[in-house]
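Undergrad:
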Amino acid sequence: MTATDKDLMTAKLFFNAAFPVMQVLLDDDPKIKAKFSAFRATVQFGALDDSQPLFCHLIFDNGKVKIVQGKAEKYDLALTFSAIAKMNALLKGGLALPSIKGKLGLLPNVLALLMGLKIMTKPNNKLKDLAEKSLKVKCSLYMVTRALSQYNKQGDPSMQEFCLRQPDRIYQFRVEQDGNPAHIAAYLRIKAGKSKSGHGVYERRSPFVLFRFTSVDGALKILDKEVEFVEGVEKGFVETLGSPEYAMYLNDYMAVLQGMLT
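Residue numbers (my numbering): 1 to 262.
(1) So, with DSSP's three-state summary, where would you put tyrosine 249?
(2) Along the beta strand (DSSP E) that carries glutamine 154, what are the first and last residues, could you check?
(3) Who are asparagine 180's beta bridge partners in DSSP?
(4) Measure from the alpha carbon of phenylalanine 36 to the alpha carbon of each residue in Lys12, Leu113, Gly236, then state which is nearest.
(5) Going by beta carbon distance, what residues of the same chain come within less than 6 Å of glycine 168, once the five residues before and after it are set aside?
(6) Would you tell me roughly how many angstroms separate the C-alpha atoms of methionine 22 and leucine 117, rounded to the nearest one?
(7) What's the gap between the Cα of asparagine 124 and the Cα of leucine 220?
(8) Can you tell me the Cα-Cα spacing of aspartate 61 and leucine 77, whole angstroms?
(9) The alpha helix (DSSP H) spanning glycine 63 covers which residue range?
(10) Indicate the three-state DSSP secondary structure (helix, strand or coil) for arginine 40 in the structure shown.
(11) Around the C-beta of valine 230, are 16 or more other C-beta atoms found within 10 angstroms, so that it is buried, or is it exposed?
(12) Determine the closest residue to phenylalanine 81 out of Glu234, Cys56, Asp5, Leu48, with distance taken between C-alpha atoms.
(13) Let me confirm a value: leucine 97 is counted as buried when at least 16 other C-beta atoms fall within 10 Å, else exposed. Which label applies?
(14) Would you call the region 149-158 and the region 121-141 in contact, with 3 or more CB pairs under 8 Å?
(15) If contacts are defined as beta-carbon pairs under 8 Å, then alanine 11 and methionine 87 qualify, I think. What distance do you get, rounded to the angstrom?
(16) Got a sec, what are the start and stop residues for the beta strand (DSSP E) lysine 194 sits in?
(17) Measure the beta-carbon distance from threonine 214 to glycine 242 and round it to whole angstroms, keeping in mind my assumption that it falls under 8 Å.
(18) Which class does glutamine 239 belong to by DSSP, given the choice of helix, strand or coil?
(19) Secondary structure at threonine 4, three-state DSSP: helix, strand or coil?
(20) Does the distance from the C-beta atom of leucine 79 to that of isoleucine 100 stay below 8 Å?
(21) Taking the C-alpha atoms as reference points, what is the distance between glutamine 52 and phenylalanine 208?
(22) Distance, Cα to Cα, glutamate 203 vs arginine 212?
Put into structure tokens, the structure is as follows:
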């Protein structure tokens with residue numbers, strides 16, 4: 001089965017933008033942190049394709065995970081799908097079964113971590129407390145800023161054109177909570193066609209656009225599309241400082257990527 005260009009792009013965004021968010025779960029989710037505190041293994045994950053098989057492997061080392069693109073020289077566990085579209089379907093919450101090889105005793109932890117990523121699509125009314133709400137917002141912002149950069153690096157023509165026309169600009173995302181102006185923060189840097197995402201507040205340059213969410217609850221409403229961005233501004237959930245035109249451009253790309261990955 002041959003994957004479409006959209007299938008390939010979606011899979012690459014999962015590998016390069018969503019999978020790195022696993023580290024947030026390993027750090028901030030108490031149950032997952034406990035499962036992986038003494039977990040060491042290499043897990044290969046990927047899909048076959050008639051023209052371009054796609055794989056990555058996850059190297060777990062006592063609470064840390066490193067995502068490496070491509071097949072592993074040696075793995076402890078391998079999950080391989082018969083088609084990239086089927087792999088994408090599972091990662092979006094659908095039903096698809098991979099072939100499984102290796103140490104099956106590792107599988108429950110790995111599946112728990114993959115399921116943990118579903119917090120980004122968990123309904124807001126099912127989030128039990130501020131810690132869980134913050135975890136969803138943190139995972140979502142880390143993923144979307146990384147996905148924006150990867151969308152450029154993986155060759156989307158529109159995103160590449162958007163990045164090429166910018167000299168050196170910071171798009172900063174900041175979520176306030178209980179008096180902390182950077183309870184959660186992430187950024188995207190674009191410089192003459194190149195892009196890079198990062199966590200925290202970028203200190204060396206003032207933001208070209210600042211997306212300032214006034215609370216975790218407000219951020220959730222916008223990230224989950226309970227309210228449209230413009231309505232969120234009107235209701236005080238988010239404030240944009242800087243270029244309104246470019247803020248809307250970036251918001252449009254974010255909506256495209258969220259549609260691809262959720």
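Glycine residues also receive a C-beta, built at the ideal position from the N, C-alpha and C atoms.
TA: Let's see:
(1) It is helical.
(2) Where glutamine 154 is concerned, there is no enclosing beta strand (DSSP E), given that its DSSP letter is neither H nor E.
(3) The partner list for asparagine 180 (beta bridge, DSSP) reads Gln177.
(4) The residue with the shortest Cα to Cα distance from phenylalanine 36 is Leu113.
(5) Before going on, a small fix: residue 168 reads as aspartate here, not glycine. The answer, listed in chain order, is Lys191.
(6) Answer to the nearest angstrom: the Cα atoms are 7 Å apart.
(7) Roughly 7 Å between the two C-alpha positions.
(8) Answer to the nearest angstrom: the Cα atoms are 15 Å apart.
(9) Bounds of any alpha helix (DSSP H) do not take in glycine 63, whose DSSP letter is neither H nor E.
(10) Three-state result, arginine 40: strand.
(11) Exposed: under 16 other Cβ atoms inside 10 Å.
(12) In this structure, Leu48 is the residue among Glu234, Cys56, Asp5, Leu48 with its C-alpha nearest to the C-alpha of phenylalanine 81.
(13) Burial call: exposed.
(14) With the cut-off at 8 Å, the region 149-158 and the region 121-141 do not touch.
(15) Rounded, the Cβ-Cβ distance is 6 Å, consistent with contact.
(16) Counting along the chain, the beta strand (DSSP E) containing lysine 194 begins and ends at 194-199.
(17) Going by Cβ atoms, the distance from threonine 214 to glycine 242 rounds to 17 Å, so no, they are not a contact pair.
(18) One detail in the question is off: residue 239 reads as glutamate in this sequence, not glutamine. Under the three-state reduction of DSSP, glutamate 239 is assigned to strand.
(19) Residue state for threonine 4 is assigned as coil, using DSSP reduced to three classes.
(20) Cβ distance < 8 Å, so leucine 79 and isoleucine 100 count as in contact.
(21) Taking C-alpha positions only, glutamine 52 is separated from phenylalanine 208 by approximately 38 Å.
(22) Spanning the two alpha carbons is a distance of roughly 16 Å.
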